[in-house]
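Chains as they are written, first to last, in this note's numbering: chain F, 1 to 134; chain A, 135 to 268. Positions of the beta carbon are idealized from the N, C-alpha and C atoms, including for glycine. A short write-up of the structure that comes next.
2 protein chains.
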Amino acid sequence: MPGTSDLNKNETAVYDELVRRGSALTAYELLDSVRPSGIRSPTQVYRALERLAEKHLVHRVESMNAFIACTHAHDDAPNPDTVGFAICDECGIVTEIDLSALESILYGLADKSGFRTEHSRLELRGKCRNCKTS
Amino acid sequence: MPGTSDLNKNETAVYDELVRRGSALTAYELLDSVRPSGIRSPTQVYRALERLAEKHLVHRVESMNAFIACTHAHDDAPNPDTVGFAICDECGIVTEIDLSALESILYGLADKSGFRTEHSRLELRGKCRNCKTS
DNA sequence: TTACGAAATGTTATATTGTCACATCTCAGG
DNA sequence: CCTGAGATGTGACAATATAACATTTCGTAA
């Protein structure tokens with residue numbers, strides 16, 4: 001992973017936990033999990049998450065108030081950045097979708113009205129492969 | 135507007151306020167605004183919003199924890215429904231984007247991995263026409 | 001007409017999510 | 001060594017959302 005080397009202690013604890021669990025976690029779930037690493041307050045978790053997000057190592061899943069380790073390579077290029085998630089309402093699994101191919105289309109949509117997009121987020125809700133038959 | 139006739143007192147108060155203001159408002163901003171209509175608790179606001187959303191008269195803007203009156207005709211057809219917003223980080227204006235043309239592309243993206251999308255939300259952050267020059 | 005139940009509404013308290021303010025620590029540059 | 005900018009820790013608090021339960025409303029059927 002790019003940039004995982006220059007993480008401080010709290011960032012490492014939070015990032016490792018997100019990777020280990022492989023699912024979307026709320027800040028307070030994370031807090032409970034990283035207490036053994038010496039993190040005691042929400043502020044510390046949110047600060048770590050904020051910096052991890054700047055480094056594109058985690059993403060915030062808006063519709064869940066949760067955070068997830070990034071699974072795609074996002075080149076370190078500056079914005080605009082575009083990311084998508086497919087969220088299963090049955091089992092809660094969150095899968096990152098690569099939208100790079102769509103970027104120009106999505107940005108063009110808004111640009112028609114004079115809007116300059118800096119970053120964007122797409123969240124799909126539905127049923128994953130495993131849950132859709134049940 | 136379709137279905138604005140069968141709104142109850144609280145739904146009407148909340149919906150009218152959203153239309154009157156024409157911007158995205160948080161549930162608590164709404165609560166303050168509709169107190170004169172007799173609404174006193176967050177629960178009442180959230181219940182009204184929930185039913186207005188079911189009727190496609192308001193949308194929740196996830197990345198703002200806010201709600202906005204719908205400006206597009208969403209046919210009363212069942213899901214999947216797809217809506218987008220362009221949000222100006224400078225002045226806060228929120229513009230609804232019609233994504234109906236994109237629906238099949240967006241859904242196809244996830245479908246490749248076996249995901250069945252039921253509804254989706256796209257939120258673009260950036261600068262609106264007026265703010266992007268400043 | 002009255003009685004009943006389901007759904008809507010109101011009310012209070014509480015849970016969850018996120019931020020502020022300020023003290024303390026760390027460490028590179030002068 | 002000093003200093004000061006940025007990182008970190010801590011406690012209090014603000015903002016957002018839901019739970020639990022009482023009350024009301026209203027259609028329906030005895």
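**Asked** Sorted by chain position, which residues of the same chain lie with C-beta nearer than 8 Å to P78/F's C-beta, five sequence neighbours on each side aside?
**Response** With a pLDDT of 46 at P78/F, under the threshold of 50, the predicted position of this residue should be treated as unreliable, though the coordinate-derived value follows. Result list for P78/F: empty, nothing under 8 Å.
**Local conformation of G242/A per DSSP, three classes** = In the structure shown, G242/A sits in a helix (DSSP, three-state: H, G or I).
**Message:** With a threshold of 6 Å (Cβ to nearest heavy atom), would L124/F be considered close to the ligand FAD?
**Reply:** With respect to the ligand FAD, the structure offers nothing, as it holds no ligand at all.
**Secondary structure of K9/F, DSSP reduced to three states** = K9/F falls in the helix class under three-state DSSP.
**Item:** Cβ neighbour criterion (16 or more within 10 Å) applied to G226/A
**Value:** G226/A should be labelled exposed.
**Request:** Could you please give the first and the last residue of the uninterrupted alpha helix (DSSP H) stretch that includes T160/A?
**Result:** It is not in any alpha helix (DSSP H) - T160/A carries neither H nor E in the DSSP assignment.
**Prompt:** Under 7 Å between the Cβ atoms of L243/A and I97/F?
**Reply:** Yes, they are a contact pair.
**Message:** Once the 5 residues before and after R51/F are set aside, which same chain residues still bring their CB inside 7 Å of it?
**Reply:** Around R51/F: E11.
**Asked** Since I231/A meets chain F, which of its residues come closer than 7 Å, beta carbon to beta carbon?
**Response** Against chain F, a Cβ distance below 7 Å from I231/A picks out L109, A110.
**Message:** Can you tell me where the beta strand (DSSP E) holding T267/A begins and where it ends?
**Reply:** From DSSP, T267/A is part of no beta strand (DSSP E); its letter is neither H nor E.
**C-beta neighbour in chain A for G38/F, strict 7 Å** = Answer no: the Cβ-Cβ gap between G38/F and chain A never drops below 7 Å.
**Prompt:** Taking C-alpha atoms, which residue in T229/A, E237/A, S167/A, L236/A lies nearest to R116/F?
**Reply:** The shortest C-alpha to C-alpha distance from R116/F to any of T229/A, E237/A, S167/A, L236/A is the one to T229/A.
**Message:** In this structure, how does DSSP classify R185/A when only helix, strand and coil are distinguished?
**Reply:** Per DSSP, reduced to three states, the secondary structure at R185/A is helical.
**Asked** Using the rule of at least 16 other Cβ atoms within 10 Å of the residue's Cβ for burial, across every protein chain shown, is K246/A buried or exposed?
**Response** K246/A comes out exposed.
**Prompt:** Mind checking if P212/A is an interface residue toward chain F, Cβ cutoff 7 Å exclusive?
**Reply:** Bear in mind that a pLDDT of 46 at P212/A, under 50, signals an unreliable position, so the number given afterwards is only what the model happens to contain. Closer than 7 Å: no.
**Prompt:** For the region 47-73 of chain F, which residues have a CB atom closer than 7 Å to at least one CB atom of chain A, in sequence order?
**Reply:** Here the close residues are E62, S63.
**Item:** Identity of the residues DSSP links to S254/A by a beta bridge
**Value:** Paired residues: L124/F, T216/A.
**Message:** Taking the beta carbon of G172/A as the centre, do at least 16 other beta carbons fall within 10 Å, making it buried, or is it exposed?
**Reply:** By the neighbour-count rule (16 or more Cβ atoms within 10 Å), G172/A is not buried but exposed.
**Asked** Considering H193/A, what are the terminal residues of the beta strand (DSSP E) in which it resides?
**Response** Per DSSP, H193/A belongs to the beta strand (DSSP E) from 192-195.
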